[in-house]
Amino acid sequence: MQIRNVQVDEDKDILQKKDKASKAKQINWGKHCETGVKALHESLCDETLALWNMNTPEEVWSIMEGVSLCPGLLKSKLLKFLIYKLVFAHEHLAIPIADLVQYLQSTHHSIKVAADLISIVLPLLDAESYYLRNAVVTAVMHILMADFRARDKSTTAAADEDGPNDDGPTSSSTSSAQFRPLSRQRRDTLFGVLEDRVHDVNSFARSHVLRCYRDLCEEGAVPLRHIQKLPNIAVERMQDRTSSVRKYSIELLCVLLEHNPYRETLDRQYYEGQKNHLVATFTAKKKAVMEDVEEQLNRRLSGLNVNESQIATNEEEREVELQKLERLLLFHTHALEFIDTLENDAIPLLIQLLGSAAITDVLESIRFFHQAHAFRLHQATQGIRAMLILIWRTDPKIQELVLKTFQSILFYKPQTDLLVAPPQAAQTLLTLLDGCTVSDATCLEQLLGVMKAKELVPQRVIAALWDLCGDNSSCNTIGHSIWLLSMLKTPPRLEVLLEHGLGARVREEHNWLCVRATSHMLQNWNFKDKSLIPDGIEPLVVSLQTFLTMIDETNLDWFDAAQQAIEALFHVCQFPEQPCGDIVATWSTALFPTDEDDHDEAVCSASELSKFVFILGHVAIRMAVYVESLASSVKEARNKLQHDQSKADKEQSSMEDELGLHAEIEAEEDEFLHALTQNDLVGR
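Just so we're aligned, residue 1 is where the sequence shown starts under the UniProt record's numbering, counting upward by one.
1. Counting only the same chain and skipping the five closest in sequence on each side, list residues whose C-beta sits under 6 Å from that of residue 386.
2. When we look at the beta-carbon of residue 138 and count the other beta-carbons within 10 Å, is it buried (16 or more) or exposed?
3. To the nearest whole angstrom, what separates the beta carbons of residue 483 and residue 520, a pair I think is in contact under 8 Å?
4. Let me check understanding here. Comparing Cα to Cα, which of 422, 400 and 399 lies closest to residue 410?
5. Note down the Cα distance separating residue 451 from residue 379, rounded to an integer number of angstroms.
6. Measure the beta-carbon distance from residue 332 to residue 248 and round it to whole angstroms, keeping in mind my assumption that it falls under 8 Å.
7. Apart from the five residues just before and just after residue 226, which ones in its own chain have a Cβ nearer than 6 Å to its Cβ?
8. For residue 217 versus residue 255, is the C-beta distance shorter than 8 Å?
9. If I follow the unbroken alpha helix (DSSP H) through residue 404, where does it start and stop?
10. Can you tell me whether residue 36 is buried or exposed? The criterion is at least 16 other CB atoms within 10 Å of its CB, across all chains shown.
11. Using 10 angstroms around the beta-carbon of residue 575, count the other beta-carbons present and answer buried if the total reaches 16, otherwise exposed.
12. Straight-line CA distance for residue 493 to residue 470?
13. Determine the DSSP secondary structure at residue 419, reduced to helix, strand or coil.
14. How would you label residue 134, buried or exposed, when you count the other beta carbons within 10 angstroms and need 16 or more for buried?
15. Looking at the unbroken alpha helix (DSSP H) that takes in residue 113, where does it start and where does it end?
16. Within 10 Å of its beta-carbon, does residue 241 have 16 or more other beta-carbons around it, so buried, or fewer, so exposed?
17. Use the C-beta contact count for residue 612: other C-beta atoms within 10 angstroms, 16 or more gives buried, fewer gives exposed.
18. Spatial neighbours of residue 625 within its chain, please: C-beta separation below 7 Å, excluding the five flanking residues on both sides.
19. Can you find at least 3 beta carbon pairs, one from the segment 319-335 and one from the segment 272-286, that sit closer than 8 Å?
20. Assign residue 365 to buried or exposed, taking buried as 16 or more other Cβ atoms, counted over all protein chains shown, within 10 Å of its Cβ.
21. What would DSSP say about residue 627, mapped onto helix, strand or coil?
22. Have a look at residue 144 and residue 112 and give me their C-alpha separation to the nearest angstrom.
23. Are residue 318 and residue 279 touching if we call contact CB-CB under 8 Å?
24. By a C-beta neighbour count over all protein chains shown, 10 Å radius and 16 as the cutoff for buried, is residue 501 buried or exposed?
25. Considering just the uninterrupted stretch of the alpha helix (DSSP H) at residue 244, what are its terminal residues?
26. Along the chain, where does the alpha helix (DSSP H) containing residue 485 start, and where does it finish?
27. Between the Cα of residue 416 and those of 370, 578 and 403, spot the shortest distance and give me the residue it belongs to.
28. Under 8 Å, do residue 615 and residue 513 count as touching if we go by C-beta distance?
29. Taking the straight line between their C-alpha atoms, what separation do you get for residue 233 and residue 403?
30. Could you compute how far the alpha carbon of residue 179 sits from the alpha carbon of residue 194?
31. Is the beta carbon of residue 282 less than 8 Å from the beta carbon of residue 221?
32. Near residue 522, what residues of its chain come up, given a Cβ to Cβ distance below 6 Å and the 5 sequence neighbours on each side ignored?
33. Nearest-angstrom Cα distance between residue 295 and residue 309?
34. For my contact list, residue 197 and residue 253 are in at a C-beta cut-off of 8 Å; report their separation, rounded to the angstrom.
35. For residue 469, which three-state DSSP category applies?
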């Protein structure tokens, strides 16, 4: 159809009503536009282009291409022929023609045209311009989406025909007539094109293919047999050297998780149990079928009467049932393969990407672990613990996303804005803390401290943690609860700490986790004046002394708990040298008796000696720090006193400074402090 014939009916009616004079003055812009395109094509011949070196298209052509290619003009066969000829003759027109191809495939009525002409477009995948390659890939994606919609509408139309309303053809049948579903072979060919273009030499082209896969998965247009390949493709591209490719590969994994065809949760134990049950059922039914066939064969050989129609019906029913079981078994097998790919291949790589210097890698990895936790992937807990170290990153985007992610994981239901019950949130915190290394626990303490400062931790969760410190909970649960409360900088409840943190049950079970957690909470208690310490501290100090003098203890957690207990004594006691001196004296008396009769029979094991040396050394170091802090306090008090003196006293002090009296006093104090630290406290 020529351009001059493309006119709407309203224009024709208006022209018919006008007189001949107005018709003579009417300008046929379509004819002039077509003539201009012909003239432009003739001017762009090889002979004309040889007159100068044209590396880029002229501005006039770019403007004309953007303005004149309206939907009406696209119906001109001549114009389309000229455009195709321009593509293969002039490489500098790749970008405008790529935009045209994208326009063709994105228009509702042009998808069928793009599908019919896909054999002409596919050779452009070998073009040097990655714009052209991306345009072809986009066209393939929209063709596959149109095929999925056409199949869905045809299925809906068939269901409507079977229903009670059969009044006439529906709009879905009309739409499906415009775009008929592709054959399975042709659809597999188009998916093969996408799979092949993932390995494009250009990183932008690889990223574009991954985005197309993501859009197809969001639409649900990927068949089950092709979904099995996508996790491996995404994992492979996660190792790409370009950050944009890694970003879109992780996005593809997130979309695969969100739109997976299996279940709302990807619990491995559930699928393994279902698979084992199906295997047992399938084996039993297959064995029963074989026995029935042998029985019928024996009856025939024996000459007995056999109801052939009944036998055929039973065999058909059993065959259908076996096929259903086989499909279910294949479905659960694919689900386990999908889970294996995510847990064994994807998650270890994503844990490594959490330490990447590229911010996009870190952000997308955090989003993936958030979704993986919502779908209950078993290995997602490792990724959540690996995210704890990100709280030390200075980038505000990373810190903000880390805080939001942990707030959602700990206190909200998956993929909702509803708060979980406080006991469940407390149990989630206990699960996260259980199994953490010392480094992970330090990062978790920093994370909870920041969240508490920003009021992201509900008070009901803190109350639920205190409720876990009771007789109905185990010592490990009590220890972890007190540890979490200390991380949250919660004011201690001295009665609870004395009864459950350092109580009789803890001493009987030798649970040093409770001792360590209680000591850690006491260290976080901010004392402005130690002379105003409440009376409830004295029983706690006595209990800590009791634990530190348990000489027969063989638990490996003793050293860590003993260190925290000594730190707690120096933090809460006004005169820490008294309880620490009693502890050292108790150990010394037990290991090295002063009585000559007992001295010959005294036996000291290596474990007991190591503990005594550990306590003696750590107390000595802490006393050295304590004495130095006291000396610093004395110097600060002296300087403050000198600053508050009157002007006459300042003149006298300035004379003393000239004589070096103050310097001599400070030197004597430093020498005394050095001798005290080196000889009396630590020793040589």
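For glycine and all other residues, C-beta sits at the position ideal for the given N, C-alpha and C.
So, from the listed chains and residues:
1. 351 and 354
2. buried
3. 6 Å
4. Closest in C-alpha terms to residue 410, from the list 422, 400 and 399, comes 422.
5. 25 Å
6. About 30 Å; that fails the 8 Å criterion.
7. 191
8. yes
9. 396-411
10. exposed
11. exposed
12. 13 Å
13. strand
14. buried
15. 111-116
16. exposed
17. buried
18. Excluding sequence neighbours, residue 625 sits near nothing in its chain.
19. Judged by Cβ distances under 8 Å, the segment 319-335 makes contact with the segment 272-286, as three or more pairs qualify.
20. buried
21. helix
22. Per the coordinates, the alpha-carbon of residue 144 lies some 11 Å from the alpha-carbon of residue 112.
23. no
24. buried
25. 243-258
26. 475-487
27. When each option's Cα is compared against that of residue 416, the closest is 370.
28. Taking a C-beta distance under 8 Å as the contact criterion, residue 615 and residue 513 do not qualify as a contact pair.
29. One Cα belongs to residue 233, the other to residue 403, and the distance between them is close to 31 Å.
30. Rounded to the nearest whole angstrom, the C-alpha separation of residue 179 and residue 194 is 21 Å.
31. Taking 8 Å as the cut-off, the Cβ atoms of residue 282 and residue 221 do not count as close.
32. Excluding residues within five positions, the ones whose Cβ falls inside 6 Å are 568 and 572.
33. 16 Å
34. Contact doesn't hold; Cβ gap of about 19 Å is too wide.
35. In the structure shown, residue 469 sits in coil (DSSP, three-state: anything other than H, G, I, E or B).
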